[in-house]
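Numbering (this note's numbering), first residue to last: 45 to 120.
The beta-carbon is built from N, C-alpha and C at its ideal position, and this holds for glycine as well.
Remember, predicted model here, so these are calculated numbers, not experimental data.
Worksheet for the structure shown next.
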């Protein structure tokens, strides 16, 4: 399945909702036992960066989907 057909599918909505709920709605699960404050800060920052990258990728996929819809409508 290519990305164009994925974006148009119901599965994409489910995947997108799952990713957003796992990332946004759940609190960080960082084990702080025995870790220094610096190490905890690094873990939090790494989690925040990963979240931003995933949400950015989801937004890019949605933009591609919108672009595909516009291209398809202009040729009809």
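Assigned exposure category for residue i - 16 Cβ within 10 Å defines buried
| i | result |
| --- | --- |
| residue 74 | exposed |
Own chain residues within Cβ distance below 7 Å of residue i, not counting five before or after
| i | result |
| --- | --- |
| residue 96 | none |
Own chain, CB closer than 6 Å to residue i, minus 5 neighbours either side, in chain order
| i | result |
| --- | --- |
| residue 109 | 51 |
Within 8 Å, strictly: CB atoms of residue i and residue j
| i | j | result |
| --- | --- | --- |
| residue 60 | residue 102 | yes |
| residue 88 | residue 63 | no |
| residue 84 | residue 76 | yes |
Contact test: residue i Cβ vs the ligand ATP heavy atom, cutoff 7 Å
| i | result |
| --- | --- |
| residue 94 | With respect to small molecules bound, the structure shown includes none, and the ligand ATP cannot be examined in it. |
Residue i, DSSP secondary structure in three states
| i | result |
| --- | --- |
| residue 65 | helix |
| residue 72 | coil |
Contact between the stretch 62-82 and the stretch 97-108 (3+ Cβ pairs under 8 Å) | Short answer: they touch.
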